[in-house]
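**Q** Pasting a structure below so you can have a look.
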Amino acid sequence: MEKGVRIQALNPFMPGAGKQPRDLVGRDGELEHMERLILRTQIGLIDRGCIYGGLRSVGKTVLLLQCARMVAVQLEADSDRDRGIENLFRELEMAALRVRTPGLGERLGDVL
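Following this line, the structure appears as structure tokens:
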């Protein structure tokens, strides 16, 4: 075995490049801040954005991917147009229920 390969194998720095850890711990403050930003945006309050900085492999990408999951609505395509539209409305309704923003359902109905 080459010396360089052994040195690389012993290097404790193993960047995850955004791989989701088994448990996302110690980030409650950041996750609550993201949730506040999302909720404020949903009710039309303009807020300042935030910048996540830090050394490599401390979890910046994992936090941003978690934020994306918090705001995403998952839909499955359907070849039947009417059923696809029905699925879309059902998923939007479920997303609105998860957020529990007062009046959001009515506002969505007005827009759609």
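Going by the UniProt record's numbering, the residue at position 82 of the sequence shown is 82; the numbering climbs one at a time, nothing skipped. From the three backbone atoms N, C-alpha and C, an ideal C-beta is built for every residue, glycine too.
1. By the three-class DSSP mapping on this structure, what secondary structure does V71 have?
2. Rounded C-beta distance between A77 and G84? I'm assuming under 8 angstroms.
3. For a test of the three-state rule: what should DSSP assign to V5, helix, strand or coil?
4. Taking Cβ to Cβ, would you say Q63 is nearer than 8 angstroms to R27?
5. With a CB to CB cut of under 6 angstroms and the five nearest residues on each side skipped, what residues in its chain are close to D82?
6. For the alpha helix (DSSP H) that G29 lies in, which residues bound it at each end?
7. Once you ignore the five residues that flank I38 on each side, which residues in its own chain have a CB closer than 7 angstroms to its CB?
**A** According to the structure data:
1. helix
2. 7 angstroms
3. helix
4. It should be noted that the sequence gives Leu, not Gln, for residue 63. Going by C-beta atoms, L63 is nearer than 8 angstroms to R27.
5. none
6. 28-42
7. M70, V71
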